[in-house]
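Please read the structure below before turning to the comments.
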Amino acid sequence: MFRHFNFYFGCGILLIVVLASLLAPILAPYSPEEMFVGPRLSPPQWAYPFGTDMIGRDVLSRVIHGASLTLYVGAIAVGIGLSCGMLIGLTAGYSTNWLQGALMRTIDVIYSFPDILIALALVAFLGPSLRNAMIAVGISVIPFFARITYSIVVVERNKPYFDSGKVIGASRLRLIFCYLLPNIIPSLIVIGSLGFSHAVLSAAGLSFLGLGAQPPLPEWGALLADGRNYIRKAPWLMFFPGISIILVVLAFNMIGDTIREYIDPRQRWRR
Amino acid sequence: MSKLILEVENLTKHFPVNRGFFSGPTTYARAVDGLSFFIKKGETLGLVGESGCGKSTVARLLTRLEEPTDGCIKLDGQDKRHLSQSELVLYRQKIQMVFQDSVSSLHPRMSAGDLVAEPFHIHKLVPRNKINGRVKDLFESVGLNKEMLKRFPHELSGGQCQRLSVARALAVNPLLLVADEAVSALDVSIQAQVINLFRDLQDRLNLSYLFISHDMAVVGLISHRIAVMYLGQILEIGAKGDVIKEPLHPYTRALLDASPIPNSKRRNRRHNLIQGELPSPINPPTGCRFHPRCPLAETRCSSEIPKLLDRGSEHFVACHLADKL
Amino acid sequence: MSNTRQPVLTVENLSVAFSGRKGPATAVSGISFKVYPGEMMALVGESGCGKSVTAMSLLQLLPSPPAIINGAVYLEERDLLQMSKTEIRSVRGKDIAMIFQNPMSSLNPVLTIERQLTEGIILHENVSRKNAIQQAKKNLNLVGITDSAERLSQYPHQLSGGMRQRVMIAMAISCNPKVLIADEPTTALDVTTQSQVLSLVTDIQKKLGVSTILITHDLGVVAETADRIAVMYFGFIVEQAPTEVLFDNPAHPYTKGLIAAVPRLDFFIEGKKIPERLVEIPGIVPSIFNAIKGCPFAPRCALANNQCNQEKPPEVELSPGHTVSCWEVSS
């Protein structure tokens, strides 16, 4: 029962966010860039449920429009990180020669730097923009996915059923695609959803520092940056974007967890 | 003399033991050291020994999960060391293996039917439309019900999984089946069923087996000949009746003595215990590897390695003192 | 014989069930047996028969929901199942000790042998650390570890499997318990090590007069070491007898089937004819979620009749000390 609640709650939030991003022009009462729709810095009220910011823009509209940016950022970043990381981890985990050592030691070295630092460096190199922030975050999480994939591959390929596949004559391709992948994908799905939330946080962080989404893009991290100087006077400027980030992160964690349980045939039996 | 399915000569496997990342391997674990034996068509050679003696490594070497450091494996006359991909596939049609842990040696996401069908898909032995029929035949020959086809390994009992493993191994019509502690993890009543299954299949299909176990009684029941292994070497090998009734090596005698028998007359009997534990294969004792634990050891035993010599009627033993017994 | 003495442990109508989502699963169904002073009593059965659950329940080691435990276990006069948590803790390790199958998981990997051996002694006997260490050294010598001083400062991973099992036995006997429960103590060991450990256990049993409950699936082991045997199937005790009686005159079809199914070496040694096929017991053990009407072995029994399928057979005494639960036999 409890598990199902997690899943539905997570799906519910995700649904809201997806709807918000798809139907933003319809749902949002105002344009996210339109200034002085009401008095500056007015607290949440009927006309402006999330309040207005320092140049009179409606915060609710900005948050709604920012939803699609958030999802976009998370998806691209995880896409880059997961695909490259998985490839590296799979290659390193499967090989038994010098390649394994070389790859994993390189990954370890990169991984020893905090990924946000790597993302910062990359963005500084590429120039601040939301697109560059996505690429930078994506690259910065490659070591994370590579290491996870590597450790799972190493564990799985030492299991007896893998030997059984070899003895029966399965080719290397078959062993990788039919034996390894189906057993590493569930874990990767959970890790991927965690990665999604991590990517959203990192991108928000970069935007907060001014290196990601440039104004007037209403990316949630940028909204947090906007509201930073007004945290005492107008806390709603940070509260609503912040809560949105938290909810999306929570949603992906819950969904990923439930999917993993569902996909694992042993867990399914135990339910 | 019947045809030799398997001839193994001086089989050796040394595993490098790493001391650190940057220093190369400085020592080796001598898991299998100069093993020689053969298996005839339609016979079962029982390989018995305790944990750490290297018998599982032998299984892995024969099935090419590991490559030998030295020595030669001749399967059905073919003894090439480095096989190409296609040669390896052919090799794998001749020798198959059944593992100890039946449930975890089966792919957890493949159904029972898929598992038995897989060898057919890999080796393309029959046309695609005939595969289902063959799978059902194999199920029947190992005593599995057809309604198990859609079940997954974790939904089956240990005995059923083991039957499934046997069916899967038989799909390629192998000449030699290696059973690595195949019945050790099973309950007594199920063990009896699976042992009977092995014997029936051997009678019907003229299969040869290398039956690996630590249990002398099981090996005694199912084998024609028995080889006793200790710390990577064969100490005694001969016909089953000879090895069990008249063991020539002190280790074989100790193993037989220690094996419990469900006979109440043996209660409170005097145990001829051998002292000590199995040494590490990284630094095996010099000379005869059993000498530190042997109650009859002499000075010669610690310096000279005894050779495996025939003591009559193809009963070989590697012991300097075999003459005196 | 044994019926003139008072039993040191009496198990009366013990049943253990686990509540779960699919309903209660009965692991042990109303078993009764007695253990007399200085004797080795064996509980024999295949996996899932409830023998380990029985052992754990004696010392209240099963977490009580989800376990539902009924019946009584009398240690001399006191009922162990009714004891409070503090009371049972003073029994564990002191009056009743237990050794397990895998010594590596019962020894704390981060504590020295000395710490682990002296812990129980200091706890129960309230002596100084120095005295406890002396006692520990004596116990190590008793289990055949001669270089006790060196071993005390070592950690579990530095010892071999057989050594660890000996250390565990030393821990168990450190406070001179009345009863020792050994749950599959040699299953994970090689045959030669097993022989050493079993010799040791019988030795200690005789020297200290400890009653032992040996839990195992190995009929060979019980034939050679046990004084009395109880055969368990699906949570029931189907037959109980002194060892010779059980092997010479097994009464229950399951016992007979089990004995016939074990591969044995004495056929060779005595020159008997080796059977062509092992006698199989057809079928498999039923699922514990299905409540069984009638005799639990009936679905697999060649002699089963209508009564066997409908009513559970009562325990009947065939001869002093030999009881069996079977309709066919008791008629």
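Protein chains in written order, with the numbering used here: chain D, 1 to 271; chain V, 1001 to 1325; chain Y, 2001 to 2331. Every residue, glycine too, gets a C-beta built ideally from N, C-alpha and C. Computed from a predicted structure; not experimentally measured.
One thing to note: residue 82/D has its Cβ no nearer than 8 Å to the Cβ of residue 256/D. Annotated three-state conformation of residue 1184/V is coil, per DSSP.
Across the set 1037/V, 1242/V and 1218/V, the C-alpha of 1037/V shows the shortest separation from the C-alpha of residue 1234/V. Between residue 102/D and chain V, the shortest Cβ-Cβ separation is not below 8 Å.
Taking the CA atoms as reference points, residue 1312/V sits about 28 Å from residue 1178/V. By the criterion of a C-beta distance shorter than 7 Å, residue 1305/V is surrounded in its chain by 1287 and 1288, once the five residues flanking it on both sides are discounted. The residues 2016, 2050, 2053 and 2235, in chain order, have a CB closer than 6 Å to that of residue 2027/Y in the same chain once the five nearest residues on each side in sequence are set aside.
Here DSSP, grouped into helix, strand and coil, assigns residue 2317/Y to strand. Between the alpha carbons of residue 1173/V and residue 1229/V lies a distance of about 29 Å. Taking 8 Å as the CB threshold, residue 1148/V stays off the interface with chain Y.
Cα atoms of residue 2183/Y and residue 2261/Y: separation of roughly 23 Å, rounded to the nearest angstrom. The beta carbon of residue 14/D lies closer than 7 Å to those of 251 and 255 in the same chain, with the five residues before and after it left out. Cβ neighbours of residue 2327/Y within its own chain (closer than 8 Å, five residues either side excluded): 2295, 2305, 2307, 2308, 2311 and 2313.
It is roughly 13 Å from the alpha-carbon of residue 76/D to the alpha-carbon of residue 193/D.
For residue 131/D, the closest C-alpha among the options 259/D, 107/D and 214/D is that of 214/D.
In the three-state reduction of the DSSP assignment, residue 1200/V falls in the helix class, which pools H, G and I. Between the segment 1113 to 1129 of chain V and the segment 202 to 217 of chain D there are fewer than three inter-stretch CB-CB distances shorter than 8 Å, so the stretches are not counted as touching.
Distance check between residue 224/D and each of 238/D, 71/D, 109/D and 120/D places 238/D closest, using alpha-carbon atoms only. Judged by beta-carbon spacing, residue 2139/Y lies within the 8 Å limit of residue 2170/Y, meaning their Cβ atoms are closer than that value. The Cβ-Cβ distance between residue 1168/V and residue 182/D does not fall below 8 Å. The DSSP-derived three-state label of residue 2222/Y is helix.
Residues of chain D with a Cβ closer than 9 Å to the Cβ of residue 1101/V are, in chain order, 160. Here residue 1258/V is near residue 2191/Y, since their CB atoms are less than 8 Å apart.
Closest in alpha carbon position to residue 1048/V, among 1102/V, 1136/V, 1254/V and 1282/V, is 1254/V.
Taken through DSSP and simplified to helix, strand or coil, residue 35/D comes out as coil. Close to residue 1063/V, with beta-carbon spacing below 7 Å, are these residues of chain D in chain order: 167.
Each residue's CA atom was taken as its position, placing residue 1067/V and residue 2022/Y some 49 Å apart. Nearest CB-CB separation between residue 1087/V and chain D: not below the 8 Å threshold. Under the 10 Å beta carbon count, residue 2205/Y is surrounded by 16 or more other beta carbons and is classified as buried. The Cβ atoms of residue 2259/Y and residue 2055/Y lie no closer than 8 Å to each other.
Residues of chain Y whose Cβ lies closer than 8 Å to the Cβ of residue 1003/V do not exist; the shortest such Cβ separation is about 25 Å.
For residue 1267/V, the neighbours in chain Y by C-beta distance under 9 Å run, in chain order, 2223, 2224, 2225, 2226, 2227, 2243 and 2244. Cβ-Cβ separation between residue 1278/V and residue 1052/V: approximately 5 Å, consistent with a contact (criterion under 8 Å). Only residues of its own chain outside the window of five on either side were considered, and among them 1293 have a CB closer than 7 Å to the CB of residue 1275/V, listed in chain order. Taken residue by residue, none of the segment 2079 to 2096 of chain Y has a beta-carbon sitting less than 9 Å from a beta-carbon on chain V.
Per DSSP, the continuous alpha helix (DSSP H) segment holding residue 1090/V begins and ends at 1085 to 1094.
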